[in-house]
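Participant:
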Amino acid sequence: MNQESKDYPVARMIIGNNWIRKNEYENSPVYNPSTGKIIGVTPMGTAEDVNEAVKVAHKAFQTWSEVPSPRRADVLFRYRALLEQNLESIARLISKENGKTLDEARGDIRRGFEVVEFACGIAHLLKGESLSQVAPEIDGVTIKEPLGVCAGISPFNFPAMVPMWMFPIAIACGNTFILKPSEKVPFTAIRLAELFLEAGLPEGVFNVVHGGREVVDALCTHPGIAAVSFVGSSHIAKHVYTLATSHGKRVQAGGGAKNVQLVMPDADPEATIRSISGAAFGCAGQRCMAGSLLVGIGDIASPLKERLIHVMDSMSMGDTSGEEHVDMGPVIDGQSKSRILKVISESEKNGVRILRDGRNGLPENGFFVGPTLLDQINPEMNLFRDEIFGPVLSMLSPKNLDEAISWLNKLPFGNGATIYTSNGQAARHFSRKINCGMVGINVGVPAPMALFPFAGWNDSFYGDLHVQGTEGVMFYTKQRVVLSRWDNNYQRIQGW
Ligand code: NAD
Numbered sequence: 018m019n020q021e022s023k024d025y026p027v028a029r030m031i032i033g034n035n036w037i038r039k040n041e042y043e044n045s046p047v048y049n050p051s052t053g054k055i056i057g058v059t060p061m062g063t064a065e066d067v068n069e070a071v072k073v074a075h076k077a078f079q080t081w082s083e084v085p086s087p088r089r090a091d092v093l094f095r096y097r098a099l100l101e102q103n104l105e106s107i108a109r110l111i112s113k114e115n116g117k118t119l120d121e122a123r124g125d126i127r128r129g130f131e132v133v134e135f136a137c138g139i140a141h142l143l144k145g146e147s148l149s150q151v152a153p154e155i156d157g158v159t160i161k162e163p164l165g166v167c168a169g170i171s172p173f174n175f176p177a178m179v180p181m182w183m184f185p186i187a188i189a190c191g192n193t194f195i196l197k198p199s200e201k202v203p204f205t206a207i208r209l210a211e212l213f214l215e216a217g218l219p220e221g222v223f224n225v226v227h228g229g230r231e232v233v234d235a236l237c238t239h240p241g242i243a244a245v246s247f248v249g250s251s252h253i254a255k256h257v258y259t260l261a262t263s264h265g266k267r268v269q270a271g272g273g274a275k276n277v278q279l280v281m282p283d284a285d286p287e288a289t290i291r292s293i294s295g296a297a298f299g300c301a302g303q304r305c306m307a308g309s310l311l312v313g314i315g316d317i318a319s320p321l322k323e324r325l326i327h328v329m330d331s332m333s334m335g336d337t338s339g340e341e342h343v344d345m346g347p348v349i350d351g352q353s354k355s356r357i358l359k360v361i362s363e364s365e366k367n368g369v370r371i372l373r374d375g376r377n378g379l380p381e382n383g384f385f386v387g388p389t390l391l392d393q394i395n396p397e398m399n400l401f402r403d404e405i406f407g408p409v410l411s412m413l414s415p416k417n418l419d420e421a422i423s424w425l426n427k428l429p430f431g432n433g434a435t436i437y438t439s440n441g442q443a444a445r446h447f448s449r450k451i452n453c454g455m456v457g458i459n460v461g462v463p464a465p466m467a468l469f470p471f472a473g474w475n476d477s478f479y480g481d482l483h484v485q486g487t488e489g490v491m492f493y494t495k496q497r498v499v500l501s502r503w504d505n506n507y508q509r510i511q512g513w
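The sequence shown begins at 18 in the numbering used here and counts up one residue at a time.
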């Protein structure tokens, strides 16, 4: 990053009560993807910052873990209220640094709220099991205890929701937390932390350290960290999983995806088209649940293409940080834009038909790629397997549902797959046979609410316990079993 970076707002690190702003860091630029202009910089922290954050978080753990769970919930209730009050300003911040539309940004926060709401019930969620007289005069109970200092590493595409999959539950369980947000969207994470502190969270319970690989590796190897939650691309997820588990940590690591939208001939045409375009082009295709593979079974394929092109042609694209409504925003940065345009050009060279070309008619500024529809792809192509992470929908036309399932089960990922149909038998067959963890039946983006686990399979997830829901609580706690006997003169019951 160049010299004039000192003129831009710097994303602060939050370590205890220190709002660190040193001058000696390398800076990484933060763009407004709608304009292509730099709006701030992220200081790329070091292992030293991680050491400092662990020290502070470890100290805070000694008292936070002793706070009764209903009192910890009090802080979460206040946090929920503050998030609601600040929804619009956070949504604008998300739009500005990530590029998604305001409606999408509101959704990003609301999905995060749901996890806070879930975590407000922490006292109930932490209740254990008990059995009286498990042996003569002996009673047994299980107790869920916090792990210690936990770390979270998040991607750029959901600046609020993804970090909130992690820290509200971890902190509600009595842990302390160090978040390393994506260096591309650091300002939302800071706002989330500021509001949590304003809600009454003691200093040191929630810390934010910025950086890249050095910080991530330090979080994965530091002996003072008990658990690491990661969400991002699969190859980094695998790196984090391997490194952190080999250092004795509990790890949950969500990776990339290639999600399916399969349309049966009996699907409701209007609702299906709306749902497909929302799943494929919402957040400019930068969702880990983006429905980027379209499968048309039988006669539906050709009307489907026609209607989709019509919808795509009518989608507006533009500055999401302005006042005007737009349907679709830009992708995150220039590198991402070039990579996506290259995928389209190479597909063309390999004989793929471009039914709608998102390389045309783009706004002059910003990192825009238009909605694109590619046809006649097959399971042997990279286009079938690789995550594009942009507004590109690729279409396949297998003979029937069983051929479709056998093709789709070759995908390396396993996040989401949706079937559009009015036939219950087909829906049931698909949902039982498709090799992925989140299935939609007439639901375009089957991303589960906070009460359920976000259940990626295969290369979309490394670990055992997923984020959200009761799996989230299990991930951030360890169980102790206590057996007690208070009667020293018990009589063994005859024969037992
Ligand atoms: P990314 O993997 O580039 O970055 C994720 C995090 O890892 C960031 O905090 C980044 O700073 C850090 N990182 C980057 N390079 C690193 C390296 N070499 N070593 C250590 N850490 C590194 O992902 P992204 O581009 O920010 O996000 C998009 C990806 O995230 C997509 O693949 C998407 O599917 C995935 N994603 C998955 C889920 C899920 O639940 N499975 C949810 C959202 C996004």
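The beta-carbon is built from N, C-alpha and C at its ideal position, and this holds for glycine as well.
Relative to the alpha-carbon of Y479, which residue among T259, F184, P26 has its alpha-carbon at the smallest distance?
Facilitator: By one-based count along the sequence shown, residue 479 stands at place 462. Considering only alpha carbons, the answer is T259.
Participant: Which value, in whole angstroms, describes the spacing of the CA atoms of D125 and P185?
Facilitator: As a first step, residue 125 is located in the sequence shown; it is residue number 108 there, counting from the start. As a first step, residue 185 is located in the sequence shown; it is residue number 168 there, counting from the start. Approximately 15 Å between the Cα atoms of the pair.
Participant: Apart from the five residues on each side of it in sequence, which residues of its chain come closer than 7 Å, Cβ to Cβ, to I458?
Facilitator: Position 441 of the sequence shown, counting from 1, holds the residue named residue 458. Correct list, in chain order: I436, A444, S448.
Participant: Quick one: using the 10 Å Cβ neighbour count with 16 as the cut-off for buried, is N19 buried or exposed?
Facilitator: For the purposes of this step, residue 19 is taken as residue 2 along the sequence shown, with counting starting at 1. Low local confidence applies: a pLDDT of 46 at N19 is under 50, so the model's placement there is unreliable, with the coordinate-based value given in what follows. By the 10 Å Cβ count, N19 comes out exposed.
Participant: Taking V133 as the reference, which of K117, L99, L148, P153 has the closest Cα?
Facilitator: Position 116 of the sequence shown, counting from 1, holds the residue named residue 133. Minimum Cα distance to V133 is reached at L99.
Participant: Use the C-beta contact count for T80: other C-beta atoms within 10 angstroms, 16 or more gives buried, fewer gives exposed.
Facilitator: Within the sequence shown, residue 80 is the residue found at index 63, counting from 1. Exposed.
Participant: If you draw a straight line from the alpha carbon of M334 to that of I160, how long is it in whole angstroms?
Facilitator: On the sequence shown, residue 334 is found 317 positions in, with the first residue counted as 1. On the sequence shown, residue 160 is found 143 positions in, with the first residue counted as 1. Distance between the alpha carbons of M334 and I160: 53 Å.
Participant: For I155 versus R502, is the C-beta distance shorter than 8 Å?
Facilitator: Along the sequence shown, read from residue 1 onward, the residue named residue 155 stands at position 138. Along the sequence shown, read from residue 1 onward, the residue named residue 502 stands at position 485. The answer is yes: Cβ separation under 8 Å.
Participant: With 16 other CB atoms within 10 Å as the buried threshold, where does L400 fall?
Facilitator: Walking along the sequence shown from the start, residue 400 turns up at place 383. Label assigned to L400: buried.
Participant: Give the straight-line distance between the Cα atoms of W36 and G489, rounded to the nearest whole angstrom.
Facilitator: Numbered from 1 along the sequence shown, position 19 holds the residue referred to as residue 36. Numbered from 1 along the sequence shown, position 472 holds the residue referred to as residue 489. Between W36 and G489, the C-alpha separation is close to 29 Å.
Participant: So what's P185 in DSSP terms, helix, strand or just coil?
Facilitator: Looking up residue 185 in the sequence shown gives position 168. If DSSP states are grouped into helix, strand and coil, P185 belongs with the helices.
Participant: Whole angstroms are fine: how far does the CA of M412 sit from the CA of N426?
Facilitator: Residue 426 sits at position 409 when you count from the first residue of the sequence shown. Residue 412 sits at position 395 when you count from the first residue of the sequence shown. C-alpha separation (whole angstroms): 16 Å.
Participant: Going by the C-beta, is A297 closer than 7 Å to any heavy atom of ligand 1?
Facilitator: Along the sequence shown, read from residue 1 onward, the residue named residue 297 stands at position 280. Because no heavy atom of ligand 1 lies under 7 Å away, the Cβ of A297 does not count as near it: no.
Participant: Could you tell me if H141 is buried or exposed, where buried requires 16 or more neighbouring beta carbons within 10 angstroms of its beta carbon?
Facilitator: Here the question's residue 141 lines up with position 124 in the sequence shown. H141 comes out exposed.
Participant: How many Å lie between V84 and V92 at the Cα?
Facilitator: Here residue 84 corresponds to residue number 67 of the sequence shown, with the count starting at 1. Here residue 92 corresponds to residue number 75 of the sequence shown, with the count starting at 1. Approximately 11 Å between the Cα atoms of the pair.
Participant: Using CA atoms only, rank isn't needed, just tell me which of T63, S251, N395 is closest to E313.
Facilitator: Within the sequence shown, the letter at position 296 stands for residue 313. Looking at the sequence itself, residue 313 is Gly, so the reference to Glu does not match. Out of T63, S251, N395, N395 has the C-alpha closest to the C-alpha of G313.
Participant: Excluding sequence positions up to five away, which residues of its chain have a Cβ less than 7 Å from the Cβ of L325?
Facilitator: Numbered from its first residue, the sequence shown carries residue 325 at position 308. The residues are I290, I293, S294, L390.
Participant: So does F173 have its beta carbon nearer than 7 Å to some heavy atom of ligand 1?
Facilitator: Taking the first residue of the sequence shown as 1, we reach residue 173 at position 156. For ligand 1, at least one heavy atom lies less than 7 Å from the Cβ of F173.
Participant: Report whether the distance from the Cβ of A274 to the nearest heavy atom of ligand 1 is below 7 Å.
Facilitator: Taking the sequence shown and counting its residues from 1, one reaches residue 274 at position 257. Flag set: Cβ of A274 near ligand 1.
Participant: Once DSSP output is grouped into helix, strand and coil, what is the label at W81?
Facilitator: Along the sequence shown, read from residue 1 onward, the residue named residue 81 stands at position 64. Looking at W81 - three-state DSSP - the assignment turns out to be helix.
Participant: Considering only C-alpha positions, which residue in the set N115, L310, S82 is nearest to V193?
Facilitator: Counted from its first residue, the sequence shown places residue 193 at position 176. In the sequence under discussion, the amino acid at residue 193 is Thr, which differs from the Val named in the question. With distances taken between Cα atoms, T193 lies closest to S82.
Participant: Just confirm the distance between the C-beta atoms of V456 and M183, as a whole number of angstroms; I'd bet it's less than 8 Å.
Facilitator: Position 439 of the sequence shown holds residue 456. Position 166 of the sequence shown holds residue 183. Not confirmed; about 24 Å, so no contact.
Participant: Please go through the same chain and pick out, in chain order, the residues whose beta-carbon is closer than 6 Å to the beta-carbon of D120, but skip the five residues on each side of it.
Facilitator: As a working mapping, residue 120 is identified with position 103 in the sequence shown. The answer is none, since no qualifying residue turns up.
Participant: If I measure Cβ to Cβ from D24 and keep anything under 7 Å in the same chain, skipping five residues before and after, which residues do I get?
Facilitator: Position 7 of the sequence shown, counted from the start, is the residue given in the question as residue 24. For D24, where only same-chain residues beyond five positions count, there are no Cβ hits under 7 Å.
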